[in-house]
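*Asks:*
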Amino acid sequence: MAQQVKTKATFPSVEWFEALKEIINADDGYKRFGTCDASVGIKVPEAGKYFVITFEAFEVGDVKETDERAAEDTDFWIEQSYDQWQEMITNIADNGKADLGHTLNTLDVEYPDGLARSNDGYRRDLFYRFNQSFQHYFDATAQIDTTFA
Numbered sequence: 213m214a215q216q217v218k219t220k221a222t223f224p225s226v227e228w229f230e231a232l233k234e235i236i237n238a239d240d241g242y243k244r245f246g247t248c249d250a251s252v253g254i255k256v257p258e259a260g261k262y263f264v265i266t267f268e269a270f271e272v273g274d275v276k277e278t279d280e281r282a283a284e285d286t287d288f289w290i291e292q293s294y295d296q297w298q299e300m301i302t303n304i305a306d307n308g309k310a311d312l313g314h315t316l317n318t319l320d321v322e323y324p325d326g327l328a329r330s331n332d333g334y335r336r337d338l339f340y341r342f343n344q345s346f347q348h349y350f351d352a353t354a355q356i357d358t359t360f361a
């Protein structure tokens, strides 16, 4: 499933997440999933990179690089090793979207500590509530020509 590559960016970086934000905010298909309101942390521990992404209604609001504590002070955070992130993003690029072995749900079930983590079970539930929106968000990475730091 070939998709138009809109930009080049290096993962993990604010520029990469900003490129993804622009793609999603211009995507009418994303809006069909309904509103999504969540603060999501992204952790790439080996790279020492932590981000917070704010999803507001029908768009991605804010993207910022932060520290580990702030990434964990979100509704939930998604944590994978650098190699796992690279595998997931490469799989999406190769297929146009995640194959069944690389969806957020599958990875969450397969990882012993889960993919989505939180200090509050009620807030972690937003991962499941808005899962289609988050999957569509990450599937849009197929439109980024990603290099890995």
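Heads up, the final residue of the sequence shown is numbered 361 in the working numbering, and it's a clean run with no missing numbers.
Heads up, the beta-carbon is just placed ideally off N, CA and C, and yes, glycines get one too.
#1: I'd like to confirm the pairing. Which residues does DSSP put opposite VAL328 in its beta bridges?
#2: For PHE245, which residues of its own chain have a beta-carbon under 7 angstroms away from its beta-carbon, when the five flanking residues on both sides are left out?
#3: Which residues does DSSP list as the beta-bridge partners of VAL264?
#4: By alpha-carbon positions, which one of ASP239, ASP351, ASP320 ends up nearest to PHE339?
#5: Below 8 angstroms on the Cβ atoms is my guess for TRP289 versus ILE236; work out the distance and round it to an integer in Å.
#6: What does the alpha-carbon distance come out to for the pair ILE356 and GLY326?
#7: So does the region 219-236 actually touch the region 274-282, counting three or more Cβ pairs closer than 8 angstroms?
#8: Please report how far the alpha carbon of ALA221 lies from the alpha carbon of ARG329, in whole angstroms.
#9: I believe PHE223 touches ALA310 by the beta-carbon criterion, under 8 angstroms. Please report the beta-carbon distance rounded to the nearest angstrom.
#10: Which residues in the same chain have their Cβ closer than 7 angstroms to the Cβ of GLN298, if we skip the five residues on either side of it in sequence?
#11: Using DSSP bridges, identify the partner residues of GLU271.
#12: Report yes if the C-beta distance between ARG335 and ASP279 is below 8 angstroms; otherwise report no.
#13: Is ALA238 buried or exposed, if buried means 16 or more other CB atoms sit within 10 Å of its CB?
#14: State the Cα-Cα distance for the pair ASP306 and LYS218, rounded to the nearest angstrom.
#15: Grouping DSSP H, G and I as helix and E and B as strand, with all else coil, what is ASP285?
*Replies:* Put simply:
#1: Looking at the sequence provided, one finds Ala at residue 328 rather than Val. According to DSSP, ALA328 bridges with ILE290.
#2: Counting only Cβ-Cβ distances below 7 angstroms, and skipping sequence neighbours, we find GLN344, SER345, HIS348.
#3: Paired residues: GLY253, LYS276.
#4: Per the C-alpha coordinates, the member of ASP239, ASP351, ASP320 positioned closest to PHE339 is ASP320.
#5: No, TRP289 and ILE236 are not in contact; Cβ-Cβ is about 19 angstroms, not under 8 angstroms.
#6: Put simply, the backbone Cα of ILE356 is about 26 angstroms away from that of GLY326.
#7: Here the region 219-236 lies against the region 274-282, with 3 or more beta-carbon pairs under 8 angstroms apart.
#8: Linking ALA221 to ARG329 through their CA atoms gives a straight-line distance of about 26 angstroms.
#9: Rounded, the Cβ-Cβ distance is 15 angstroms, inconsistent with contact.
#10: If the five residues before and after GLN298 are omitted, its C-beta is found closer than 7 angstroms to the C-beta atoms of PHE360, all from its own chain and listed in chain order.
#11: Note: GLU271 sits in a beta bridge opposite GLU268.
#12: Result no, Cβ atoms of ARG335 and ASP279 do not sit closer than 8 angstroms.
#13: So ALA238 counts as exposed.
#14: Rounded to the nearest angstrom, the two C-alpha atoms are 16 angstroms apart.
#15: Reduced to three states, the DSSP call for ASP285 is coil.
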